[in-house]
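Student:
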Amino acid sequence: QVKPEQVLQDKTLWARIRGANNRHSVVEFGKLDFSEWRELRADLTKAGPGRLKGPFTFVALIVSEPPNQFNQSESPALWLDDLAFIGSEGDLDVFESFEGTVIWEAAASEGDFNDSIKLTESAKISGLRGAEINFREGISGERHAFFIADRNVPLPVLVSQSFLGTTGLEVGDKGLISFEDFTVPYVIREVYERFPTLMQDDGPSIVFNIEHVLAWANALRGSAATMGSVNEIWIEVSSEANHEVITSALIASGLGKVIDQTQLLESIEKNPLIAASGSGILVISFAAILVLVAAALMVSLFMSIRRRRVEFAVLRAIGLRRQQIVGALFVEYMLVAFVGIVVGAVSGLILGNQMLSFLEF
31 QVKPEQVLQD
41 KTLWARIRGA
51 NNRHSVVEFG
61 KLDFSEWREL
71 RADLTKAGPG
81 RLKGPFTFVA
91 LIVSEPPNQF
101 NQSESPALWL
111 DDLAFIGSEG
121 DLDVFESFEG
131 TVIWEAAASE
141 GDFNDSIKLT
151 ESAKISGLRG
161 AEINFREGIS
171 GERHAFFIAD
181 RNVPLPVLVS
191 QSFLGTTGLE
201 VGDKGLISFE
211 DFTVPYVIRE
221 VYERFPTLMQ
231 DDGPSIVFNI
241 EHVLAWANAL
251 RGSAATMGSV
261 NEIWIEVSSE
271 ANHEVITSAL
281 IASGLGKVID
291 QTQLLESIEK
301 NPLIAASGSG
311 ILVISFAAIL
321 VLVAAALMVS
331 LFMSIRRRRV
341 EFAVLRAIGL
351 RRQQIVGALF
361 VEYMLVAFVG
371 IVVGAVSGLI
381 LGNQMLSFLE
391 F
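Numbering (my numbering), first residue to last: 31 to 391.
#1: Give the range of the alpha helix (DSSP H) segment to which THR277 is assigned.
#2: I want to know whether the region 261-274 touches the region 203-222 - three or more CB-CB distances under 8 Å.
#3: Helix, strand or coil for ALA255? Go by DSSP, reduced to three states.
#4: Sort THR87, LYS148, VAL361, GLU167 by Cα distance to PHE125 and report the nearest one.
#5: For ALA255, does the count of other Cβ atoms within 10 angstroms reach 16, so buried, or fall short, so exposed?
#6: Which residues bound the alpha helix (DSSP H) around ARG346?
#7: Using 8 Å for Cβ pairs, my map puts SER45 next to VAL56. What's the rounded Cβ distance?
#8: Please identify the residue among SER146, ILE311, ILE355, ILE380 whose C-alpha is closest to the C-alpha of GLU167.
#9: Using a Cβ-Cβ distance cut-off of 7 Å, determine whether ARG336 contacts chain B.
#10: Report yes or no: do three or more beta-carbon pairs, one from the region 175-182 and one from the region 220-235, lie closer than 8 Å?
#11: Among GLY160, ASP203, TYR363, which has the Cα closest to the Cα of TRP67?
#12: Just confirm the distance between the C-beta atoms of GLU58 and ALA72, as a whole number of angstroms; I'd bet it's less than 8 Å.
#13: Considering only residues of the region 188-243, which uninterrupted alpha helix (DSSP H) runs meet the minimum length of 4 residues and lie entirely inside it, listed in chain order?
#14: Using a 10 Å radius around the Cβ and a threshold of 16 neighbouring Cβ atoms, would you call PHE165 buried or exposed?
#15: Around the Cβ of VAL93, are there at least 16 other Cβ atoms within 10 angstroms (buried) or fewer (exposed)?
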């Protein structure tokens, strides 16, 4: 049962439904070009014949209108009561009477104003209450959606630290983000420093649960088309699995591109040019460092001997032999070398572990 407060010539009421095969479609109730209580019906047999399979689930109410329609602050309200399903044998089953058993919400928009839906006595045709819909003020989009409240809305998300710095939001804050042709409300649950497949240098990032996004999109999109599926899947297989068989099966399933990371790494390791280039760079770098360190040590030793001639003369005068003086210098430089090796090894381990952590998924 529907009653516009005034004739809404440009608006049309639809139902968004989901079939047993998890596909979605819209069915039309009709245009709202009247101002009295009227029973509107939508024929489920027209909900994408051959595509949707029963039983059907009601998902949302959608009001469509021409794009860039301007709604005044005092725009007429829309009253609804008693959503019902009529079976194949003509039996009537009211599944929502708007008595407050379930909570309804309006889909959020990115503007300063949002649509609203509330339960009120003035909108009833039976029972104690009915639903009153008020459309947001200003330039609207092509549709207004109203759905039964879900505990997963706003959608919980993870965000990068740079996302917080860019938006000024904090953990627990809520926001809106445009995704394809609809707006997704979200709430920030946690922050991450690194996330698989996302590079920090790419800028701020946000991670949704893809099932939540698909459910939200399929519930509120005005078209009958189902939102596209995921475009990237990472699969981890056991070391004993036959990668060739798995890859062949995935390609046969119709996926656009399949990459076997294990096979790719093996081919890189077996490539003599790549292997030689990497090993060669390491060998040359290590040899150059050794030459530079040895040269620096020899120069340091030479300069030290020149500066300490007087000390050596005093040591010879008190009776030390040349071999004893050389031995003292040897012990001194061996101690310096030992301390340098220990400090370098510890520093290398710390830096190596820190750098390798960026490669861990």
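Heads up, the beta-carbon is just placed ideally off N, CA and C, and yes, glycines get one too.
Tutor: In terms of the structure at hand:
#1: Going by DSSP, THR277 is part of the alpha helix (DSSP H) stretching over 273-282.
#2: Output reads no: the region 203-222 does not touch the region 261-274.
#3: Its pLDDT being 45, under 50, ALA255 is placed unreliably in this model, and the coordinates cannot settle the point.
#4: THR87
#5: Reliability of the predicted coordinates at ALA255 is poor, the pLDDT of 45 falling under 50, and no value is obtained from them.
#6: The continuous alpha helix (DSSP H) containing ARG346 extends over residues 339-347.
#7: In the sequence as presented, Ser is not what sits at residue 45; that position holds Ala. The Cβ separation is near 7 Å, so the contact holds.
#8: SER146
#9: The structure shown contains no chain B, having only a single protein chain.
#10: no
#11: GLY160
#12: 6 Å
#13: Within the region 188-243, the complete alpha helix (DSSP H) runs of at least 4 residues are 191-197.
#14: buried
#15: buried
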